[in-house]
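*Asks:* Residue numbers (the working numbering): 121 to 437.
(1) Rounded to whole angstroms, how far is the Cβ of residue 432 from the Cβ of residue 401, which I believe are closer than 8 angstroms?
(2) Tell me where the alpha helix (DSSP H) around residue 260 begins and ends.
(3) So does the region 297 to 309 actually touch the region 360 to 369, counting three or more Cβ pairs closer than 8 angstroms?
(4) Report, in whole angstroms, the separation of the C-beta atoms of residue 210 and residue 259, which I expect to be a contact under 8 angstroms.
(5) Given residue 195, which residues of its chain have a CB within under 7 angstroms of its CB, disregarding the five upstream and five downstream residues?
(6) Taking the straight line between their C-alpha atoms, what separation do you get for residue 280 and residue 434?
(7) Looking at the unbroken alpha helix (DSSP H) that takes in residue 423, where does it start and where does it end?
(8) On the criterion of 16 or more Cβ atoms from any shown chain inside 10 Å, does residue 310 qualify as buried, or is it exposed?
(9) Just checking, does the region 121 to 128 make contact with the region 224 to 235 on the three C-beta pairs under 8 angstroms criterion?
(10) Within the continuous alpha helix (DSSP H) that includes residue 384, where are the two ends?
(11) Which residues bound the beta strand (DSSP E) around residue 151?
(12) To the nearest angstrom, how far is it from the Cα of residue 221 to the Cα of residue 232?
(13) Use the C-beta contact count for residue 329: other C-beta atoms within 10 angstroms, 16 or more gives buried, fewer gives exposed.
(14) I'd like to confirm the pairing. Which residues does DSSP put opposite residue 290 in its beta bridges?
(15) To which residues of the same chain is residue 245 closer than 6 angstroms at the C-beta, ignoring the five residues directly before and after it?
(16) Apart from the five residues just before and just after residue 200, which ones in its own chain have a Cβ nearer than 7 angstroms to its Cβ?
(17) Taking the alpha carbon of residue 152 as the point to measure from, which residue in 389, 160, 162 and 137 has its own alpha carbon closest?
(18) For a test of the three-state rule: what should DSSP assign to residue 365, helix, strand or coil?
(19) Residue 397: buried (16+ other C-beta within 10 angstroms of its C-beta) or exposed?
(20) Locate the alpha helix (DSSP H) running through residue 193, then write down its first and last residues.
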């Protein structure tokens, strides 16, 4: 479906044709560059030399390895693909959908929604030497990025996310959710002198949490939570600890303060999780819930649990 030929594919693969794979040491393969080894097109037997994408001339042998030469070309001005592909991926990360979508289907058959924008940004990204920090600064300074997602009475055409008429509501990644819960609940970071057992336990906890969110690659604006994800957030061990009266650093520090009233504690929970104060309806509802509860501390922990499971907390909007 694209203009690349079989020979284009195997001539690019030839950059890796001289790799030597040694024995695994501590579960890590030892890979080194060699001086011999050629790639042949399967079922044809034709030997193909390394060739950069879109370049007709074969690579001339040099004192550096083939992989070194490929790496230098990838991030050079002679490569017409790197700047556009990078800009598109950063745009997709910020806006939820790329100028070319899907981001890994970059070809003449899949046109950009805004080709002039892509060309302009790619040239601007390449000119100062591919400065990623600057690229993020440029994109986040645009009016397009600063648009609100709170848009009422849009027409069907306006809802097309490829028009970027408003900011798309995007799902957080599993790792972002994990760190957001850590930050919202004021969880203490491991000490510099933490034991290996403590480090391993924290890593295992994170790995278990992330494994429940594994899903096929998809756009962040099309996230659909399944049963494993919902159960992990509702009653998983990580969220249970984050809202436990004995284990939550946020709850412990808040409840230990004798100067705070329950309504102030509710305000703190909102600020910590969704970065705003509760509105009048929420104040009345949650205030009543705490007041009428037999255990006000447990009621506040329930409110924290509810906020961590809210769409407002789990979505980038």
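Even for Gly, the Cβ is constructed at its ideal location relative to N, Cα and C.
*Replies:* Result, derived from the coordinates:
(1) In fact, because the Cβ distance is near 14 angstroms, the residues do not count as touching under 8 angstroms.
(2) 252 to 260
(3) yes
(4) 7 angstroms
(5) 202 and 250
(6) 23 angstroms
(7) 416 to 428
(8) exposed
(9) yes
(10) 382 to 394
(11) 148 to 153
(12) Going by the C-alpha atoms only, they are around 8 angstroms apart.
(13) buried
(14) In the DSSP output, where bridge partners are listed per residue, residue 290 has 436.
(15) 203, 207 and 255
(16) If we look at residue 200 and ignore the five residues flanking it on each side, its Cβ neighbours are 174.
(17) 137
(18) Residue state, collapsed to three classes: coil.
(19) Under this definition residue 397 is an exposed residue.
(20) Its alpha helix (DSSP H) spans residues 186 to 194.
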